[in-house]
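S.K.: Starting off with a structure, shown below.
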Amino acid sequence: MFALNVQRPDPLYSKVVEVPERVTLHGSSAYKRGDALPDYAIANGQTCESLDQFNAGDVVDGISGERIRIVERLDMKATREALEESYNEGFRSIAICLLHSYTFPHHEQAIAKAAKEVGFTQISISSELSPAIRMLPRANSAVTDAYLTPAIQSYLEGFRAGVKEETLEAMNWRIMQSDGGLVHPARLSGLRALLSGPAGGVIGYARTTFMPEQPIPVVGFDMGGTSTDVSRYAGSPELVFEAMTAGVFVQAPQLDINTVAAGGGSILAWRKGILTVGPESAGSHPGPACYRKGGPATVTDANLVLGRIMPEYFPAIFGETQDQPLDFQASFDKISELAEEINRDQGTHLSTYEVADGFIAVANEAMCRPIRALTEAKGHHMSDHILAAFGGAGGQHACDIAQALRIERVVVHKYSSVLSAYGMALADTVQEERLPYAEVLSPEVLPHIQSVFEELRLKTVKSIQQMDPTCGYTSSSFFLNLRYEGSDTSLMIEKPEDSLDFEEGFVRQHHQEFGFTPTGRDILVDDIRVRTTAKASSEDKVGLRELGTFKVRRPASSKQTTKMFFKDCGMINAPLFHLKNLLPGDVIVGPAAVIDNTQTIIISPGCTSTTLSSMLVIDVNTNPPTVTADNQDPIQLSVFANRFMGIAEQMGRALQKTSVSTNIKERLDFSCAIFSADGGLVATAPHVPAMLGSMAFSVKWQIEHWKGDIKDGDVFLSNSPSAGGTHLPDLTVITPIFDDKGQNVIFWTASRGHHADVGGIVPGSMPATSKELWEEGAIIESLKIVENGVFHEERVWKAMFEDPARYPGCQGTRTYQDNLTDIKAQAAANNKGSTLVVRLIQEYTLETVLLYMAAVQRASASAVAETLKSICRAKGRNIFEAEDFMDDGTRLNLRITTDPETGRADFDFSGTDPQAHGNWNAPLAVSNSAIIYTLRCLVNADIPLNQGCILPINIIIPDSSLLSPSAGAAVAAGNGLTTQRIVDVILKAFESCAASNGCMANFTFGLPQTPEDPGFGYYETVAGGSGAGPGWQGEDGVHCHMTNTRITDPEILERRYPVLLRQFALRPNSGGRGKYGGGNGIIREIEFLINMHVGILSERRAFQPYGMAGGYPAARGQNLWFRREDGRVINVGGKATFYAQAGDRMRICTPGGGGYGSVLSDGVDSKGTGDAKKLGFVPLANGSLHARQAMEGDQ
């Protein structure tokens, strides 16, 4: 999010073909129109059954029960010609994905048939692979399958060629899938095999560690060379159906395995006062320093220095000649260099061993974060679990991880380093079927659901028996994918054993995961799923059960010792055991080490290991680590920075999951943070920059306003710019955290979300023409929505609905139920954060937590100061000036004066024009937020974003100016537009890079409320091009700087609202030319299917985004209104509101990013061919948690 050099993963496909075809849903949830469509939209109402009958205007019944309107008939002639052209170019693998094919697959099937006739050998059909709503992940899934399946099949063909056919048949061989089940090779899908290796590990520990008769849930910890996988098992596979894998969102059933970029090869660094581990990895070449190829210091090197890796037990395969042992001295030297750097910067006297141990502690905390999120975010207590450690490095970290998580027992299987392979031998053969279904869950639909269950069950059983006629017993599980009306978060609920009461299980699980139960909302069925299993013949029937069979346990004896370092013991001679020599019942008291040919298991001090036939069971001392306010050190500072960040991340996940509005749930237009007792920002997750640095103003205002009258159990709501708000749709919920006596506030949590409507003169509450604040909706300086633990809905109703309607021409909120549910979700997210803060205090004491809170803030302040000093040195001056202009000509003026010795700086905006008679005024809190964000970008290191970032800065902004308007001034666009110009002018002053698109392109549409209709409002921001810089190209079509949201999936958009997405594409040649070209902007065109209000608030429609160092500026943006009635095209300008008729279209063309450096002498733009710097190897995170993180941090 803070990278000026934005980079995306390269696409898997080489060519895209758009075919003449279009369908959409007939009706939307926001506007119930039935069949009352205008004549232009529907010619007749017949229901069609065959492809030959489908004509434009026809309405067709979809598989899910939703009705589909054919907008444009599939042109098979043009499609076949395109297929033949691609085939002649050498393509043999094709992925097919069309809008709404999850419920209307007919056109995809027709294209697939034609592709087969043309000769394509791999045809991946999105509606068959993943019949679920959301086009983008479904398209990714089809592309992934088309990319991988041929490669896997080629490998299998090579395997078959090397084995006799009769041997293969006798083996009854199967292939592992990501969902933990086996499948016949003939039915293998590359998409379903993405996580087959890690899935084998989950089955391995599930079958060997989990005991149904004592159902203690198990957390899997699989640590390898470049990354670590975490998972959970509590008696049945925990599956997800949409997750991120290798940077790509895919839809496929897979075990909920989450990958963190921290493994043995993760690079250790000291950056801006913080110890960092990864995300960069040394990989296998050059590898860690000890590999003798000149590699950097890594986690492996730290373990080697600490004695947790023993070179004499490693094969001599290292060095250029691949015949040398591990190089201890190289590791020691690299860690020593880091120790010297840390001690020099911090004035400490840490030894090489202490620094190595500190880096291990930071790595462990990085790995604990996803484990906490995986369990606690779903309402489970971490201490109620067993930790199953496996993978090449799992045993080295298991005890420390368990201690950090307060898990009392660790299990390490004797095959832990190859547990994935072992688990595959224990896995079942599985077949699944899934059918989309769009109905309200009610007694009336249950008989039909039951019949679908039976139909799918027979289909899955038949499929298994066809592949394996000798299979015996099969069992089937039945599921409904359920969600509340208005929400897009669904939960897969298994059918109770003796009833069809899905509702009770759904309500219970929803409350457990999200902390509340919506009222007055129907439960909707998204799809029906059946999973049939043919049980494996192999099973580990002893495993952990053996632990209870020992009558006498005896101390294990060892004649060997090895030197190891532990923080509380120093360097010691610890007993060394060989796993093969240990007998069942042998007990080892740590500290000690156990080795075999493939793994090292460290038994930390205070831990006790008992040997079983197939595993080691380690009982862990879970007493808190000795960290006090007396011994502050940079190691614990780095650990606490991770802990604070982890709490904010969990708040964000809770809010995203519990909210119902498109803005918060789909677009992720929200932020969550922790604050100190005085309101200073402590930690925030990478959410929306415009919100992050401004929320502290809201918290501080509430503290001053309510001083002496804040009680435990109070929760506040605010959005007024005069009270630290940004613009009115951004509602902030603020919760105090009291000490254990309930007397003093010790921390605060807050969450801010952009609500689709808060009243005012137009739907969406983002009027283009507002001149006064009251025109933009509800104004709330402070409202106690919860008092003494009681939620006061009547106060919310008055503030959100009644009060705004008192102004002339205004209405109250048009989306009250969504507002109410999202406000409750924000309060629940705050409560989640408060609970985690209290746990942290209980773990370390309040004094210690406060000490490290302040230390983390000081570290951020130091990082900013050092960055400003380095800029002064690099530029040879300490005064930097720049100006830029809004499209109306309003001037932003900046003079930065930096003390080159201390790094303190004045950011003086004197000379900036007075506030505008419009709505692009930026409240003071928002202006500060833009400055904090830009400073964080300039630091270019993974430091926490907190109050410390602004401490070295003295900000001078004239009162009643554009950047600090008077109370009552309109501000709707200041948050989204003027903040971008603040960032531009700061980067321009420092000559850091060219301007990005400089605009959020705030687009709204909707209907006002009437007695007959509740009305609705929709809001989105549209991406543009990013600016190029020294050594990098700008990126095409990305959200830049102060926005960090994602666009709504087109199928969700059209399901919810009466619109048709006509075009969403990159805008060619809109990026500025230069040695490094700027990124291209976006073209987004939407057709309105009913009459409605439309608004656009945008910038860079008059002034182009600037180039830098001789680079050219980017193309300015343009907003066009296509009128159906008379065919006219109207340029509505940067800021406009109009009433569109059904059939009208709005086309938004966003600016590109500026170019950097002079154009090459031949005049050819070098974009795409320059020597742009690529990041080093960074392992891509996987899993459901990282899907959310990517949404939050990388859009």
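Under the UniProt record's numbering, the sequence shown has 391 at position 391, and the numbering climbs by one with no breaks. A virtual CB, placed ideally from N, CA and C, is assigned to each residue, including glycine.
Could you work out which residue in V59, D568 and A973 is closest to D730 when comparing CA atoms only?
M.R.: Cα-wise, what sits closest to D730 is A973.
S.K.: How many Å lie between R8 and L195 at the Cα?
M.R.: Distance between the alpha carbons of R8 and L195 is about 22 Å.
S.K.: Report the rounded CA-to-CA distance for E793 versus F801, giving the unit in angstroms.
M.R.: About 11 Å.
S.K.: Have a look at N303 and T517 and give me their C-alpha separation to the nearest angstrom.
M.R.: Roughly 47 Å separates the two Cα atoms.
S.K.: Return the CA-CA distance between D35 and I94, expressed in angstroms with no decimal places.
M.R.: In this prediction, D35 has a pLDDT of 42, which is less than 50 and means its spatial position is unreliable; what the coordinates show is noted afterwards. Looking at the two C-alpha atoms, the distance is approximately 37 Å.
S.K.: Just the Cα atoms here: how many angstroms apart are G1134 and I932?
M.R.: Roughly 27 Å between the two C-alpha positions.
S.K.: Quick check on R891: does DSSP put it in helix, strand or coil?
M.R.: DSSP places R891 in strand when its eight states are reduced to three.
S.K.: Whole angstroms is fine: what's the gap from T226's alpha carbon to Q915's?
M.R.: Rounded to the nearest angstrom, the two C-alpha atoms are 52 Å apart.
S.K.: Could you check where the beta strand (DSSP E) with T684 kicks off and where it finishes?
M.R.: Unbroken beta strand (DSSP E) run through T684: L681 to T684.
S.K.: Could you tell me the boundaries of the beta strand (DSSP E) in which E365 lies?
M.R.: No beta strand (DSSP E) holds E365; the alpha helix (DSSP H) holding it covers T352 to E376.
S.K.: Look up R409 in the DSSP assignment and give the residues it is bridged to.
M.R.: Looking at the DSSP assignment, R409 forms a beta bridge with D619.
S.K.: Taking C-alpha atoms, which residue in A161, R409, N831 and A930 lies nearest to G622?
M.R.: Just to set this straight, residue 622 is Thr in the shown sequence, not Gly. Nearest C-alpha to T622: R409.
S.K.: DSSP has G1029 in a bridge; who is on the other side?
M.R.: Answer by DSSP bridge pairing, in chain order: W1032.
S.K.: Could you check whether the segment 1087–1104 touches the segment 1043–1053, counting it as contact only if at least three pairs of C-beta atoms, one from each stretch, sit closer than 8 Å?
M.R.: Short answer: they don't touch.
S.K.: What's the call for N364, buried or exposed, on a 16-neighbour Cβ count within 10 Å?
M.R.: The residue is buried, with at least 16 neighbouring Cβ atoms inside 10 Å.
S.K.: Quick one, which of N719, A556 and N573 has its alpha-carbon nearest M564's?
M.R.: If we check each option's Cα against that of M564, N573 comes out closest.
S.K.: Using three-state DSSP, classify C97 as helix, strand or coil.
M.R.: Of the three classes helix, strand and coil, the one that applies to C97 here is coil, per DSSP.
S.K.: Assign R160 to one of two classes, buried (16 or more other C-beta atoms within 10 Å of its C-beta) or exposed (fewer than that).
M.R.: So R160 ends up on the exposed side.
S.K.: So for Q251, helix, strand or coil by DSSP?
M.R.: Correct three-state label for Q251: coil.
S.K.: Short of 7 Å in beta carbon distance, which residues of its chain neighbour F332, apart from the five on each side in sequence? Order them along the chain.
M.R.: V305 and T352.
S.K.: Where do the ends of the beta strand (DSSP E) carrying S475 lie?
M.R.: First-last of the beta strand (DSSP E) with S475: T474 to Y484.
S.K.: Specify the secondary structure class of S604 as computed by DSSP and reduced to three states.
M.R.: Here S604 sits in coil by DSSP.
S.K.: Hey, out of D400, A262 and L387, whose CA is closest to R308's CA?
M.R.: Of D400, A262 and L387, the residue nearest in Cα terms is D400.
S.K.: Tell me the start and end of each unbroken beta strand (DSSP E) in the segment 528–578 that is at least 3 residues and wholly inside, in chain order.
M.R.: Complete beta strand (DSSP E) runs here, min 3: 560–566 and 570–578.
S.K.: Are the beta-carbon atoms belonging to V6 and V1022 less than 7 Å from one another?
M.R.: No; because the gap between Cβ atoms is not below 7 Å, this pair is not in contact.
S.K.: Suppose you measure from the CA of W1032 to the CA of R1101; what does that come to, to the nearest Å?
M.R.: Taking the straight line from one Cα to the other gives about 25 Å.
S.K.: Taking its Cβ as the centre, do 16 or more other Cβ atoms sit within 10 Å of M171, making it buried, or is it exposed?
M.R.: With fewer than 16 other Cβ atoms within 10 Å, it is exposed.
S.K.: When every heavy atom of the ligand FMN is checked, does at least one fall within less than 6 Å of the C-beta of S929?
M.R.: Of ligands this structure carries none, so the ligand FMN is not represented either.
S.K.: Helix, strand or coil for F697 per DSSP?
M.R.: F697 falls in the helix class under three-state DSSP.
S.K.: I'd like the list of long-range same chain contacts for Q560, defined as Cβ closer than 7 Å, with 5 residues on each side in sequence excluded.
M.R.: So the list reads L576, once near-sequence residues are dropped.
S.K.: From V23 to F104, what does the alpha carbon distance come to, in whole angstroms?
M.R.: Looking at the two C-alpha atoms, the distance is approximately 9 Å.
S.K.: Can you tell me whether DSSP reads S661 as helix, strand or coil?
M.R.: S661: coil per DSSP, three-state reduction.
S.K.: Would the beta-carbon of C607 fall within 7 Å of that of G590?
M.R.: Yes; because the gap between Cβ atoms is below 7 Å, this pair is in contact.
S.K.: Which stretch, first to last residue, makes up the beta strand (DSSP E) that contains residue 1196?
M.R.: In the structure as shown, the chain starts at 1 and stops at 1195, and residue 1196 therefore has no counterpart that could be examined.
S.K.: By Cβ distance below 6 Å, which residues in the same chain neighbour P721 in space, the five residues on each side in sequence not counted?
M.R.: Here the set comprises P923 and V971.
S.K.: In its own chain, which residues sit with a C-beta less than 8 Å from the C-beta of D596, not counting the 5 before and 5 after it?
M.R.: Excluding sequence neighbours, D596 sits near K414, H578, L579 and K580.
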